[in-house]
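Here is the structure we will look at, set down as structure tokens.
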Amino acid sequence: VDGIRDQPRSRGLGDVYKRQAYVWRYKLLTFISLGGMAIYILTTVGQPLIIAWGIDSYIAPGDGVPSNWGSIHLVGRLFAANALGTVVGQFIQLRAMARVRVNVLYDLRVDMFDHLQRQSITFFDRNEVGRIMSRVQNDTLSLQEFLDVGVVTIADVFMLLFIAVTLFVLDPILAMVTFAVTPILLISLIVWQRIAKPTFIRIRSAISAVNGNLQESITGVRVTQSMNRQSVNLGTVSYTHLTLTTSELV
185 VDGIRDQPRS RGLGDVYKRQ AYVWRYKLLT FISLGGMAIY ILTTVGQPLI IAWGIDSYIA
245 PGDGVPSNWG SIHLVGRLFA ANALGTVVGQ FIQLRAMARV RVNVLYDLRV DMFDHLQRQS
305 ITFFDRNEVG RIMSRVQNDT LSLQEFLDVG VVTIADVFML LFIAVTLFVL DPILAMVTFA
365 VTPILLISLI VWQRIAKPTF IRIRSAISAV NGNLQESITG VRVTQSMNRQ SVNLGTVSYT
425 HLTLTTSELV
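Residue numbers (our numbering): 185 to 434.
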């Protein structure tokens with residue numbers, strides 16, 4: 185939170201590594217969650233393979249081989265066990281990661297408060313309390329969003345990679361046709377990220393200004409009323425909210 189009056193800077197790899205250090209404080213829970221993620225991915229990808237095996241081996245073997253419906257219960261049992269593994273793997277992943285998330289957020293809030301207490305008096309003279317609170321809360325919420333959404337996204341990415349490898353092994357031509365649009369999606373993602381990042385930074389800065397102005401207005405309401413500055417403060421509040429609205433719409 186040093187230099188908090190400056191606009192929020194874009195998050196680089198350094199910030200990612202710093203936040204990752206909080207996660208690695210709980211290595212056991214993290215590895216348990218990764219293990220559950222691996223089970224979930226393997227069982228999810230295995231579902232269509234089990235169905236294909238049942239069709240090719242028992243329902244429609246091909247080459248004049250008669251169907252063997254009498255042994256189809258083997259496919260059903262394997263599919264049920266696989267489905268149970270999917271549920272168990274996802275439960276382990278979400279349960280362990282939820283514990284990691286709560287502990288990491290607690291450590292982050294404590295460290296931020298400790299850091300604020302070690303700041304000089306001039307730091308608090310330069311920065312409004314509302315602006316400081318906005319930055320502290322936004323940094324915590326951004327990490328919470330990463331742990332809530334980012335981990336699930338990582339699991340989905342690994343699942344897609346596993347599906348891609350499986351598809352290339354089963355049918356390389358179909359796999360190449362399926363992933364022909366991948367470069368277009370990657371280019372669109374890169375372009376969109378470059379457009380969205382400045383907007384995201386402007387919104388965070390505008391939110392900080394709104395909270396700082398609101399805190400100053402409420403704290404100094406007696407002075408405002410005694411000096412009859414209601415219209416002036418209302419204009420300032422309207423301007424900061426208009427800036428926030430414009431940043432979110434543009």
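Ideal Cβ placement from N, Cα and C applies to all residues, glycine included.
If you compare the alpha carbons of 329, 420 and 240 with that of residue 400, the shortest gap goes to 420. For the set 263, 309 and 221, the Cα lying nearest the Cα of residue 343 is the one of 221.
In this structure, DSSP gives residue 340 a helical state, which the three-state scheme calls helix.
Secondary structure of residue 413 (DSSP, three-state): coil. Within the model, the alpha-carbon separation for residue 384 versus residue 316 is close to 18 Å. Here the alpha carbon of residue 304 sits roughly 22 Å from the alpha carbon of residue 395. Around the beta carbon of residue 397, 16 or more other beta carbons sit within 10 angstroms, so the residue counts as buried. In this structure, the straight-line span from the alpha carbon of residue 255 to that of residue 261 is close to 11 Å.
Counting the other CB atoms within 10 Å of its CB gives residue 388 a total of 16 or more, which places it among the buried residues. Counting of Cβ neighbours within 10 angstroms places residue 365 among the exposed residues, the total staying below 16.
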